[in-house]
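Undergrad:
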Amino acid sequence: MKKPIHLYILATLAGISSLLRLWGAFFSKFDEEAMRASFASFQTNGFEDQIINVSRASIEFSTNGINKALAVILLALIIVTIVFLFQKKNETASYSYIGYLFGTLIASTYAYLGTKGVAGLYTEELLRKSTEAGALGMYVLSIVLFAIFFGLTVFFLVRKPKEKPSMAQTATDI
């Protein structure tokens with residue numbers, strides 16, 4: 000039986016992504032003094048308080064309980080996928096990876112909705128609209144990546160070689 004190289008590659012990329020998501024969900028910190036110091040050299044036209052408030056809300060959102068739970072669940076699903084790959088249970092690994100993909104779709108939807116809520120903190124319409132547009136762009140990109148990875152996984156799952164019946168004579172042949 001051929002090794003599902005595509006699944007090894009996708010699982011490795013997903014593992015890296017899950018570790019980064021987990022790191023962001025558990026270890027992100029907000030440092031207002033550092034942000035104010037970085038704004039000292041720029042002309043922000045009085046928007047620095049809004050940007051700092053939005054940054055604080057964004058960090059609070061990305062480190063909330065739901066995002067932490069999603070990060071742990073996604074990491075667990077990718078670990079299960081890798082374990083099944085090493086056990087040579089390729090079909091089960093494909094199904095668990097598909098579960099991971101649907102989990103990322105849920106996480107992306109939650110992130111998009113949360114970012115729209117955080118963007119509502121801007122009183123300046125241009126800042127709010129540009130933040131919402133950026134969030135929508137990232138959401139569309141995540142849906143496109145979901146479709147590509149889901150399509151690849153299903154294609155190779157459906158296309159896998161079937162066992163051919165043996166042509167050797169058995170005791171039940173007449």
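Positions 0 to 173 (numbering that gives the first Met the number 0) are the ones given, in order, by the sequence shown. For every residue, glycine included, the Cβ atom is placed at its ideal position computed from N, Cα and C. These numbers were taken from a predicted model, which means no experiment stands behind them.
Out of Thr103, Glu131, Tyr121, which has the shortest C-alpha to C-alpha gap to lysine 115?
TA: That would be Glu131, whose Cα lies nearest to the Cα of lysine 115.
Undergrad: Assign phenylalanine 41 to one of three DSSP states: helix, strand, or coil.
TA: Coil, per DSSP.
Undergrad: Buried or exposed: where does serine 129 fall if 16 or more other Cβ atoms within 10 Å of its Cβ makes it buried?
TA: Counting Cβ neighbours within 10 Å, serine 129 comes out exposed, since fewer than 16 surround it.
Undergrad: Which whole-angstrom value describes the C-beta separation of leucine 73 and alanine 106, a residue pair presumed to lie in contact below a C-beta threshold of 8 Å?
TA: With a Cβ gap of about 7 Å, leucine 73 and alanine 106 count as contacting.
Undergrad: Quick one: residues in its chain with C-beta nearer than 8 Å to the C-beta of asparagine 52, no 5 flanking neighbours on either side, listed in chain order?
TA: Taken in chain order, the residues that qualify are Leu120.
Undergrad: Measure from the alpha carbon of serine 54 to the alpha carbon of each residue in Phe149, Tyr138, Leu126, then state which is nearest.
TA: With distances taken between Cα atoms, serine 54 lies closest to Leu126.
Undergrad: Looking at serine 57 and alanine 24, is the spacing between their C-beta atoms short of 9 Å?
TA: No, they are not a contact pair.
Undergrad: Measure how close the beta-carbons of alanine 92 and threonine 80 come, nearest whole angstrom, since I'm counting them as under 8 Å.
TA: About 5 Å; that satisfies the 8 Å criterion.
Undergrad: Could you have a look at glycine 14 and say whether DSSP puts it in helix, strand or coil?
TA: Reduced to three states, the DSSP call for glycine 14 is helix.
Undergrad: May I ask which residues mark the beginning and end of the alpha helix (DSSP H) holding glutamate 90?
TA: Its alpha helix (DSSP H) spans residues 89 to 118.
Undergrad: With C-beta atoms as the reference, is leucine 9 less than 9 Å away from tyrosine 94?
TA: Cβ distance not < 9 Å, so leucine 9 and tyrosine 94 don't count as in contact.
Undergrad: Put lysine 2 into one of helix, strand or coil per three-state DSSP.
TA: Correct three-state label for lysine 2: coil.
Undergrad: In chain order, what residues of the same chain have a beta carbon less than 6 Å from the beta carbon of leucine 21, not counting five sequence neighbours either side?
TA: Cβ neighbours of leucine 21 beyond the five flanking positions: Ala70, Leu74.
Undergrad: Tell me which residue opens and which closes the alpha helix (DSSP H) that glutamate 124 is part of.
TA: Here the alpha helix (DSSP H) through glutamate 124 covers 124 to 158.
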